[in-house]
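Undergrad:
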Amino acid sequence: MKKLKFAIIGCGRISKWHVDAIAQNNNEAVLVATCDIIKEKAIEKSEIYKKYFSDATVNIYEDYKKMLDSEEIDVVTIATESGYHPEIAIYAMKKGKHVIVEKPMALSTDDADLMIKTAKENKVKLCVSHQNRFNKSIQMLRAALEEGRFGKLVSGMASIRWNRNMEYYRQAPWRGTWELDGGTLMNQCIHDIDLLQWMMGGEVESVYAQTGRFLRDIEAEDFGAVIVRFKNGSIGIIEGSACVYPKNLEETLSIFGEKGCAVIGGLAVNRIETWRFEDGKDSEEEILKMQEADPETVYGHGHTPLFKDMIDAINNNREPLINGQEGKKGMEIILAAYKSQKTGMPIKFPMGSFSTLDMKGEKL
Numbered sequence: 038m039k040k041l042k043f044a045i046i047g048c049g050r051i052s053k054w055h056v057d058a059i060a061q062n063n064n065e066a067v068l069v070a071t072c073d074i075i076k077e078k079a080i081e082k083s084e085i086y087k088k089y090f091s092d093a094t095v096n097i098y099e100d101y102k103k104m105l106d107s108e109e110i111d112v113v114t115i116a117t118e119s120g121y122h123p124e125i126a127i128y129a130m131k132k133g134k135h136v137i138v139e140k141p142m143a144l145s146t147d148d149a150d151l152m153i154k155t156a157k158e159n160k161v162k163l164c165v166s167h168q169n170r171f172n173k174s175i176q177m178l179r180a181a182l183e184e185g186r187f188g189k190l191v192s193g194m195a196s197i198r199w200n201r202n203m204e205y206y207r208q209a210p211w212r213g214t215w216e217l218d219g220g221t222l223m224n225q226c227i228h229d230i231d232l233l234q235w236m237m238g239g240e241v242e243s244v245y246a247q248t249g250r251f252l253r254d255i256e257a258e259d260f261g262a263v264i265v266r267f268k269n270g271s272i273g274i275i276e277g278s279a280c281v282y283p284k285n286l287e288e289t290l291s292i293f294g295e296k297g298c299a300v301i302g303g304l305a306v307n308r309i310e311t312w313r314f315e316d317g318k319d320s321e322e323e324i325l326k327m328q329e330a331d332p333e334t335v336y337g338h339g340h341t342p343l344f345k346d347m348i349d350a351i352n353n354n355r356e357p358l359i360n361g362q363e364g365k366k367g368m369e370i371i372l373a374a375y376k377s378q379k380t381g382m383p384i385k386f387p388m389g390s391f392s393t394l395d396m397k398g399e400k401l
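Each residue of the sequence shown is one higher than the last, beginning at 38 in the working numbering.
(1) With respect to the alpha helix (DSSP H) encompassing Thr341, which residues constitute its N-terminal and C-terminal limits?
(2) With distances taken Cα to Cα, identify the nearest neighbour of Asn353 among Ile370, Val161, His338, Gly220.
(3) Return the chain-ordered list of same chain residues with a C-beta closer than 7 angstroms to the C-beta of Ile175, the five sequence neighbours on each side being excluded.
(4) By Cβ distance, which residues of its chain are closer than 6 angstroms to Tyr336, with the 5 residues on each side in sequence left out?
(5) How many Å lie between Thr289 and Gly47 at the Cα?
(6) Among the candidates Trp235, Phe171, Glu109, whose CA atom is the shortest distance from the CA of Leu68?
(7) Measuring straight from C-alpha to C-alpha, what distance separates Asp331 and Gly303?
(8) So what does Cys280 bridge to, in DSSP terms?
(9) Which same chain residues end up closer than 7 angstroms to Ile85 when comparing Cβ atoms and leaving out the 5 residues on each side of it in sequence?
(10) Please report the Cβ distance between Ile74 and Glu99, rounded to the nearest whole angstrom; I am assuming they are in contact, meaning their Cβ atoms lie under 8 angstroms.
(11) Here's the rule I'm using: 16 or more other beta-carbon atoms within 10 Å means buried, otherwise exposed. How should Lys394 be labelled?
(12) Could you tell me if Asp92 is buried or exposed, where buried requires 16 or more neighbouring beta carbons within 10 angstroms of its beta carbon?
(13) Span of the alpha helix (DSSP H) holding Ala180?
(14) Would a C-beta distance cut-off of 9 angstroms place Ala374 and Val244 closer than the cut-off?
(15) Please classify Asp259: is it buried, with 16 or more other beta-carbons within 10 angstroms of its beta-carbon, or exposed?
(16) With DSSP collapsed to three states, give me the class of Leu290.
(17) Measuring only the C-alpha atoms, how far is Val112 from Gly133?
(18) Determine, using beta carbons only, whether Asn224 and Pro283 come nearer to each other than 9 angstroms.
(19) Compare the C-beta of Asp148 with all C-beta atoms of chain D and state if any pair is closer than 9 angstroms.
(20) Look at Lys140 and Ile227 and say whether their C-beta atoms are less than 9 angstroms apart.
(21) So is Phe391 buried or exposed if we call it buried at 16+ other beta carbons inside 10 Å?
(22) Ends of the alpha helix (DSSP H) at Leu105?
(23) Cutting at 7 angstroms between CB atoms, please list the residues of its own chain near Trp215, excluding the five before and the five after it.
(24) Of the residues Tyr206, Ile309, Asp147, which one's Cα is nearest the Cα of Glu329?
(25) State the start and end residues of the unbroken beta strand (DSSP E) segment that holds Tyr245.
(26) At the level of alpha carbons, what is the spacing between Ile359 and Ser107?
(27) Would you call Gln208 buried or exposed, if buried means 16 or more other Cβ atoms sit within 10 Å of its Cβ?
(28) Report the three-state DSSP secondary structure of Tyr128 (helix, strand or coil).
(29) Hey, would you say Ile272 sits closer than 9 angstroms to Gly193, going by beta carbons?
(30) Would Phe267 and Gln61 be called neighbours here (beta carbons separated by less than 9 angstroms)?
(31) List the whole-angstrom C-beta distance separating Leu217 from Gly120, where the pair is believed to meet the contact cut-off of C-beta under 8 angstroms.
(32) Keeping to the same chain, check which residues put their C-beta closer than 8 angstroms to that of Met347; ignore five residues upstream and five downstream.
(33) Closer than 6 angstroms by C-beta to Cys280: which residues in its own chain qualify, once you throw out the five before and the five after it? Chain order, please.
(34) At what residue ranges does the segment 351 to 401 contain a whole run of the beta strand (DSSP E), taking only runs of 3 or more?
(35) Within 10 angstroms of its Cβ, does Thr114 collect 16 or more other Cβ (buried), or is it exposed?
(36) Would you report the Cα separation of Lys40 and Ile153, rounded to the nearest angstrom?
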C-alpha cells in the first residue's frame, strides 16, 4: 500500500512527538514537509526526522498555505498555538487533506462544530491528539468498564497537580491568554479531563466550577475545581493546578463504581496504582507488578499508536478513535467550567455557543 504523505504545521516543542510518531509508522507514513513561521524550528524538526532516515527529503516552509499548494500531502498535523488550530485545520480540510490536530482542537464550541462539519463535507478524517487514550493502562481501564466490571458508576476524579512557573509562560507569551490558549484547565488538564469523561459515559448533564488566578501573572486561571454531573447520574470531580510547589506532583485518574475501583497514575496516566474488582478475574498484586516504567515526559508514548489509528482510519475509510466529535467533549467541559466561573451558576448541557474570548476582562 502506498505510504501516506505527512506534513507538520507548527514546529514547537510538542511537534517532536509528531515527527517521532511518523517515523515509528514508517511502513505506512512518510514526512515530506515541515512548516513554521520561524524557519529554524521547521528545519530543526526536519533534521530530527533525518536522524531516522538519512536519505529523507523534507521540504521547509514558513507559510502553510504555500506548502499546501506546493506539496503532494495526504495528512496535515497541526501543532501551532491553540487559537490557530481551527483556521489552519479548516483550510487544510477544504484542500482535501486529512488532519491530526493537537489538543485542544479549538477554543470555542462554534469553531469545533465548524471543524467537524468541514471534515464531513470534504470527506476527510479529523483526529484530535488525545494520545493518552492509547496508554496500556487506560486501554485496560476502558475494557473493564465495557465489560461492566465496575457495576454502577458512582464517581470519577481527574487530579492534575502540576507546576508551571512564570518562566514557562514567558518562553511563549501566547500561553495563558484567552485569545490563544486559556488557562491550566484548557492547556495542562484537558488530557485527563478527556479520559474522565470517556470513562464516565461521555454524556454531560451539567458543569459547575470555581477557578482562580493565584500565583501566575497570566490572563487565565492557574487553578480550577470542577464538578461534572453526567447523564448516567455519576459525578466527575476535576482538580487542575499549575501552582504545585516546587514541581509536578501527579496526574491521576480515579474511577469508583459499585463493584470496583481503579486508580491510574504515573507521569502520564500510564501506571495502574489500584485495581480492585468484586469479580476476582485478576489479581491486583499481579497487575501492579506488570506496570511499565514512566515515560521520559508527560507527553507519554501515545502519539505513535494515535497516528497508527489515524492511518488505519484513512486506509479503511472509518472514523479515527478520537474524531472531531470525541475531541470536542473534553474541550466543551472546560468551556462550560469557564462559563460557570463567569456566571456563578451551574451550566446545563447542551451549553450552546461559548468561547475563551468570552472570558476577556473577567476577574478570577
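Using N, Cα and C, we set each Cβ at its ideal position, and we do this for glycine too.
TA: Reading off the structure:
(1) 340 to 352
(2) Val161
(3) Asn169, Leu232, Ile301, Val306
(4) Trp54
(5) 29 angstroms
(6) Glu109
(7) 6 angstroms
(8) Asn200
(9) Lys53, Val56
(10) 6 angstroms
(11) With the sequence shown as reference, residue 394 is identified as Leu, and Lys is not the correct amino acid for it. Classification of Leu394: exposed, given that the 10 Å Cβ count is below 16.
(12) exposed
(13) 173 to 183
(14) yes
(15) buried
(16) strand
(17) 9 angstroms
(18) no
(19) No chain D is part of this structure, which consists of one protein chain only.
(20) yes
(21) buried
(22) 101 to 107
(23) Glu256, Ala257, Thr393, Leu394, Met396, Lys397
(24) Ile309
(25) 241 to 249
(26) 29 angstroms
(27) exposed
(28) helix
(29) yes
(30) no
(31) 4 angstroms
(32) Val112, His135, Ile137, Lys162, Cys164, Pro357
(33) Phe251, Leu252, Asp259, Phe260
(34) none
(35) buried
(36) 25 angstroms
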